[in-house]
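Colleague: The structure's right below; bear with me while I get my questions together.
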Amino acid sequence: MVTDIGIPEPPKGADVRAAFSNFGNIVKLSLVTKGLYQNAYIQFDSTVASTYFTENSWSHFIYEDAVRVLSLTLPKNERENRPLHCFKLTGLPRKDPGYLI
Numbered sequence: 026m027v028t029d030i031g032i033p034e035p036p037k038g039a040d041v042r043a044a045f046s047n048f049g050n051i052v053k054l055s056l057v058t059k060g061l062y063q064n065a066y067i068q069f070d071s072t073v074a075s076t077y078f079t080e081n082s083w084s085h086f087i088y089e090d091a092v093r094v095l096s097l098t099l100p101k102n103e104r105e106n107r108p109l110h111c112f113k114l115t116g117l118p119r120k121d122p123g124y125l126i
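In this note's numbering, the protein residues as written are 26 to 126.
This is the structure we're talking about:
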């Protein structure tokens, strides 16, 4: 199982499902709104996504928005340490997609 952190609204479950479907069959998808953002909890029928987001990447794009992804199979101390190594770029021109940087 993986979780997406900080999905800007308005993406819906179908958008999240489409963005992550290339990692395998999604068994369960839950969206939880926290303030202006949403967190998604995604359960796959295989460990491909969990392995990918543990060993290769800490983020993924939903359309033009990069979202942090955290494998819930990581030990608790690693899950707590990952956010300490993330940063957010600010001051970019409006409508400039982050994936072009």
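Even for Gly, the Cβ is constructed at its ideal location relative to N, Cα and C.
I need the DSSP call for R119, collapsed to helix, strand or coil.
Modeller: Three-state result, R119: coil.
Colleague: Tell me the start and end of each unbroken beta strand (DSSP E) in the segment 37–65 that is at least 3 residues and wholly inside, in chain order.
Modeller: The segment 37–65 contains these whole beta strand (DSSP E) runs: 51–59.
Colleague: Skipping 5 residues on each side, what residues in its chain have a beta carbon closer than 7 Å to that of S71?
Modeller: G49, listed in sequence order.
Colleague: What does the Cβ neighbour count give for V57, buried or exposed, with the cut at 16 atoms within 10 Å?
Modeller: V57 is exposed by the Cβ-count criterion.
Colleague: Is the number of C-beta pairs between the segment 80–96 and the segment 105–122 that are closer than 8 Å three or more?
Modeller: At 8 Å Cβ cutoff, the stretches touch.
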